[in-house]
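Trainee:
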Amino acid sequence: MPSFSQDSNFYIFLCFGQSNMEGAAKFETQDTTAVDQRFRLLEAVNCVNLNRTKGNWYTAVPPLTRCKTGLGPVDYFGRTLVANLPKNIKIGVINVAVGGCKIELFDKENYQSYTAAAPDWMKGMLAEYDGNPYASMVEMAKIAQQSGIIKGILLHQGESNTGDKAWPEKVKGVYENLLKDLKLEAKNTPLLAGEVVNANQGGVCASMNAIIATLPQTIPNAHVISSAGCPDGPDNLHFSAEGYRMLGKRYGEKMLSLLGKK
Numbered sequence: 001m002p003s004f005s006q007d008s009n010f011y012i013f014l015c016f017g018q019s020n021m022e023g024a025a026k027f028e029t030q031d032t033t034a035v036d037q038r039f040r041l042l043e044a045v046n047c048v049n050l051n052r053t054k055g056n057w058y059t060a061v062p063p064l065t066r067c068k069t070g071l072g073p074v075d076y077f078g079r080t081l082v083a084n085l086p087k088n089i090k091i092g093v094i095n096v097a098v099g100g101c102k103i104e105l106f107d108k109e110n111y112q113s114y115t116a117a118a119p120d121w122m123k124g125m126l127a128e129y130d131g132n133p134y135a136s137m138v139e140m141a142k143i144a145q146q147s148g149i150i151k152g153i154l155l156h157q158g159e160s161n162t163g164d165k166a167w168p169e170k171v172k173g174v175y176e177n178l179l180k181d182l183k184l185e186a187k188n189t190p191l192l193a194g195e196v197v198n199a200n201q202g203g204v205c206a207s208m209n210a211i212i213a214t215l216p217q218t219i220p221n222a223h224v225i226s227s228a229g230c231p232d233g234p235d236n237l238h239f240s241a242e243g244y245r246m247l248g249k250r251y252g253e254k255m256l257s258l259l260g261k262k
């Protein structure tokens, strides 16, 4: 039995992926004000500019990934949960995401072959996670487990793997390693995977959504979050702030339903 005291009313969610999980939109006043103190962030990197230290809990005011990232789906995922769950329940998130990365970056056994060939612009981001984002996520998750219970995993990734039919199996490998390393059971740990920018918004990677749609065939407790109608930015790759709010709310509504609260 663990020697620390876990609060069964503190629900923890692990979040990982590439730039749309990092958050690529500028946050606005509505995003930084009136954040419920029941919505908490376990900071995964040191952020002097935010007075945040790695491994400590803070109210989840954006940015929720690294020191200068933007608004992402996790912001309104958490807000949707705290707004709809009893007041005695707190929500905690850990967000480890690297813009432009393939799912191979989170491969516990083989990540080094990916990072060794990473482009220069990615190396600074990787360094903030000591060169191993997967290990960083597990390290933070173990800290979080001293306070609460991991209730699910959120993924937003796929743009850099567009067309890769092996992507679901690669995601399964990451998911199963997380379950093993954190002593979680698959039946109690849903994986919520968001679609990339939808074809109806002109998404340049929208063909990947057909592959993302097959994930529940590979991971029985995986659930796909639709991006249909979520507005995007001018690059047709990243969501707009409004798109992230909508997508985050959809992640939250799905999790509420899985928790039996909706």
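Quick note on numbering: the sequence shown equals residues 1 to 262 in UniProt numbering. Ideal Cβ placement from N, Cα and C applies to all residues, glycine included.
List the endpoints of the continuous beta strand (DSSP E) containing residue 80.
Mentor: By 1-based counting over the sequence shown, the position of residue 80 is 80. That residue, residue 80, is in no beta strand (DSSP E); its alpha helix (DSSP H) goes 73-84.
Trainee: Out of 115, 190, 233, 258, state which residue places its alpha-carbon closest to the alpha-carbon of residue 24.
Mentor: Taking the sequence shown and counting its residues from 1, one reaches residue 24 at position 24. Nearest option by C-alpha distance: 233.
Trainee: Assuming the contact rule is C-beta atoms closer than 8 Å, residue 38 and residue 82 should be a hit. Round their C-beta distance to whole Å, please.
Mentor: Position 38 of the sequence shown, counted from the first residue, corresponds to residue 38. Position 82 of the sequence shown, counted from the first residue, corresponds to residue 82. Confirmed, about 5 Å.
Trainee: For residue 134, name the three-state secondary structure that DSSP assigns.
Mentor: Taking the sequence shown and counting its residues from 1, the one referred to as residue 134 is at position 134. Looking at residue 134 - three-state DSSP - the assignment turns out to be helix.
Trainee: Just the C-alpha distance for residue 104 and residue 220, rounded to the nearest angstrom, thanks.
Mentor: In the sequence shown, residue 104 corresponds to position 104, counting from 1. In the sequence shown, residue 220 corresponds to position 220, counting from 1. Their backbone Cα atoms lie some 21 Å apart in a straight line.
Trainee: Helix, strand or coil for residue 95? Go by DSSP, reduced to three states.
Mentor: Translated into positions along the sequence shown, residue 95 becomes position 95. If DSSP states are grouped into helix, strand and coil, residue 95 belongs with the strands.
Trainee: Taking residue 70 as the reference, give the member of 258, 242, 256 with the closest Cα.
Mentor: Indexing the sequence shown from 1 puts residue 70 at position 70. Checked all of 258, 242, 256; the closest Cα to residue 70 is 242.
Trainee: Between the stretch 120-132 and the stretch 145-162, are three or more C-beta pairs nearer than 8 Å?
Mentor: no
Trainee: When the Cα atoms are used, what is the spatial distance from residue 142 to residue 167?
Mentor: If you number the sequence shown from 1, residue 142 lands on position 142. If you number the sequence shown from 1, residue 167 lands on position 167. Separation of residue 142 and residue 167 (C-alpha to C-alpha, rounded to the nearest whole angstrom) is 26 Å.
Trainee: Quick check: what's the CA-CA separation for residue 5 versus residue 115?
Mentor: The residue labelled residue 5 in the question sits at position 5 within the sequence shown. The residue labelled residue 115 in the question sits at position 115 within the sequence shown. Rounded to the nearest angstrom, the two C-alpha atoms are 37 Å apart.
Trainee: Quick check: the Cα distance between residue 253 and residue 203, rounded to an integer number of angstroms?
Mentor: Counting from 1 along the sequence shown, the entry for residue 253 is found at position 253. Counting from 1 along the sequence shown, the entry for residue 203 is found at position 203. If I take the Cα positions, the gap works out to 23 Å.
Trainee: In terms of alpha-carbon separation, which member of 207, 117, 16 lies closest to residue 227?
Mentor: Walking along the sequence shown from the start, residue 227 turns up at place 227. Closest option to residue 227, Cα to Cα, is 207.
Trainee: Could you pull out every unbroken beta strand (DSSP E) segment of at least 3 residues lying fully inside the stretch 30-79, listed in chain order?
Mentor: 39-42, 57-59
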